[in-house]
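Heads up, the thing below is written out as structure tokens.
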Amino acid sequence: MKSGRWMWTIVALQALFLLGWAGYHETVRITAPSIRLKALPVDPRDILRGDYMTLNYEISRPDKFVKRTGELRGEVFVVLRPEGRYHVIDEILTVAPAADDPRLWVGATAWGAEDNPRLEYGIERFFVPEGRGTPQFTRIEVDVSISATHRLYIDRMLLDGRRFP
Numbered sequence: 002m003k004s005g006r007w008m009w010t011i012v013a014l015q016a017l018f019l020l021g022w023a024g025y026h027e028t029v030r031i032t033a034p035s036i037r038l039k040a041l042p043v044d045p046r047d048i049l050r051g052d053y054m055t056l057n058y059e060i061s062r063p064d065k066f067v068k069r070t071g072e073l074r075g076e077v078f079v080v081l082r083p084e085g086r087y088h089v090i091d092e093i094l095t096v097a098p099a100a101d102d103p104r105l106w107v108g109a110t111a112w113g114a115e116d117n118p119r120l121e122y123g124i125e126r127f128f129v130p131e132g133r134g135t136p137q138f139t140r141i142e143v144d145v146s147i148s149a150t151h152r153l154y155i156d157r158m159l160l161d162g163r164r165f166p
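To convert a position in the sequence shown, counted from 1, into the working numbering, add 1.
Dropping the structure here:
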């Protein structure tokens, strides 16, 4: 009888952990500040995971926005600023900004050749609902939330100004 209680206690703790984790990420999406990014898609298909779009953001190409010296590798901190309807890179730092820094910044991983560096933010894949396939469009925009830990989360995707899916 006691082993049955332990089993249900463990199951309940696992369920509470998963619900808490999902609740945290949903709270970030709802309450965190949201910005819009310009993206360019690539349309792969994964046999095990289905259709998804690999998103290539303008802010993934740092040389387009900032001049820098030295090689860009590993963890970096990207300061963003609004420019028109979108946010763009203002500065790339190798040390996190101070806690009282009022600028909008996010963490990223830098990789690639010195003459063509790339930045990844953890939002480069968007899974398309089963059976929907990848739609046709000319412009893609992504609204993202920035968590208190300076990570990006996809809120919604806009294809030619219309919400997808």
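Ideal Cβ positions, reconstructed from N, Cα and C, are used throughout, including at glycine.
Host beta strand (DSSP E) of residue i (start-end)
{"i": "T110", "result": "105 to 114"}
{"i": "R140", "result": "Run containing R140: none; DSSP gives neither H nor E here."}
{"i": "L73", "result": "Unbroken run through L73: none, as it is neither H nor E."}
For residue i, the three-state DSSP class (helix, strand or coil)
{"i": "I147", "result": "strand"}
{"i": "R163", "result": "strand"}
{"i": "T95", "result": "coil"}
{"i": "D156", "result": "strand"}
{"i": "P63", "result": "helix"}
{"i": "V129", "result": "coil"}
{"i": "A40", "result": "strand"}
{"i": "Y122", "result": "coil"}
{"i": "Y58", "result": "strand"}
{"i": "R86", "result": "coil"}
Residue i and residue j closer than 8 angstroms at C-beta
{"i": "R152", "j": "S61", "result": "no"}
{"i": "E59", "j": "T110", "result": "no"}
{"i": "A40", "j": "E142", "result": "yes"}
{"i": "R82", "j": "W112", "result": "no"}
{"i": "D144", "j": "R37", "result": "yes"}
{"i": "F78", "j": "L94", "result": "yes"}
{"i": "Y53", "j": "V129", "result": "yes"}
{"i": "V80", "j": "R104", "result": "yes"}
{"i": "S146", "j": "V29", "result": "yes"}
{"i": "D116", "j": "R140", "result": "no"}
N-terminal and C-terminal residue of the alpha helix (DSSP H) that residue i is part of
{"i": "R6", "result": "3 to 32"}
Say whether the region 96 to 106 touches the region 122 to 129, bearing in mind that this needs 3 or more beta-carbon pairs closer than 8 angstroms, one atom from each stretch.
-> no
If we count Cβ pairs, one from each stretch, closer than 8 angstroms, do we get three or more for the region 152 to 162 versus the region 23 to 37?
-> yes
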